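As structure tokens, the structure follows; a few thoughts come after it.
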Amino acid sequence: MKLLEMGKPLAVLRYSLLILSSVITHAQNTLNPKAILERMAKAYRELSTYQDIGVVETTVNLGTDKQTLTRPFSITFKRPRSVDFKVGEPFSR
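Per numbering that gives the first Met the number 0, the very first residue in the sequence shown carries number 0; after that it's consecutive.
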């Protein structure tokens, strides 16, 4: 393709944006929010394993004092009946 062979970054960027724009437009025209959620639910249902990590933040307002506690957590899921949920010790921020 000539645009890519020319080695001009601006031409490549324009071409990439054109492709991206058409993909986004197609996705917007074919997937509504309900369809996206249904696809996501189906994907999760079909998983045999899943794992994730994150943090839970809790902020307490006591008058003029404010304290935020953060707890790390992890979850590991394996079909048919294994779920491991761990919550770490809180740390202040």
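All C-beta atoms, glycine included, are put in the ideal place defined by N, C-alpha and C.
Computed from a predicted model, the values in this text were never measured in an experiment.
Check each candidate in the options and name the one with the smallest Cα separation from residue i.
{"i": "K77", "options": "P32, T29 and S47", "result": "S47"}
{"i": "V54", "options": "M39, I74, V82 and K65", "result": "I74"}
{"i": "D51", "options": "V82, R44 and A34", "result": "V82"}
Between which residues of its own chain and residue i is the CB-CB distance below 7 Å, once the five residues before and five after are set aside?
{"i": "V86", "result": "R70 and F72"}
Run through DSSP, which three-state label would residue i get?
{"i": "M5", "result": "Note that M5 has pLDDT 46, beneath the 50 cutoff, so the model's placement of it is unreliable and the number below is only indicative. If DSSP states are grouped into helix, strand and coil, M5 belongs with the helices."}
{"i": "R70", "result": "strand"}
{"i": "S47", "result": "coil"}
{"i": "S63", "result": "First, the amino acid is wrong: residue 63 is Thr here, not Ser. T63: coil per DSSP, three-state reduction."}
{"i": "E37", "result": "helix"}
{"i": "M0", "result": "Here the model assigns M0 a pLDDT of 44, short of 50, so the residue's position is not dependable and the matter cannot be decided."}
Compute the beta-carbon to beta-carbon distance between residue i and residue j, rounded to the nearest angstrom, for a pair I have assumed lies under 8 Å.
{"i": "T63", "j": "E56", "result": "With 8 Å as the limit, T63 and E56 do not qualify as a contact, their Cβ atoms being about 20 Å apart."}
Report all residues from its chain with a CB closer than 6 Å to the CB of residue i; omit the five preceding and five following residues, and keep chain order.
{"i": "F84", "result": "I74"}
{"i": "E88", "result": "none"}
{"i": "Y49", "result": "F76"}
Please list, in chain order, all residues of the same chain as residue i whose beta carbon is under 8 Å from its beta carbon, the five residues on each side excluded.
{"i": "R38", "result": "L30"}
{"i": "L36", "result": "none"}
Closer than 8 Å, CB to CB, is residue i near chain C or not?
{"i": "V86", "result": "Included in the structure is just one protein chain, with no chain C present."}
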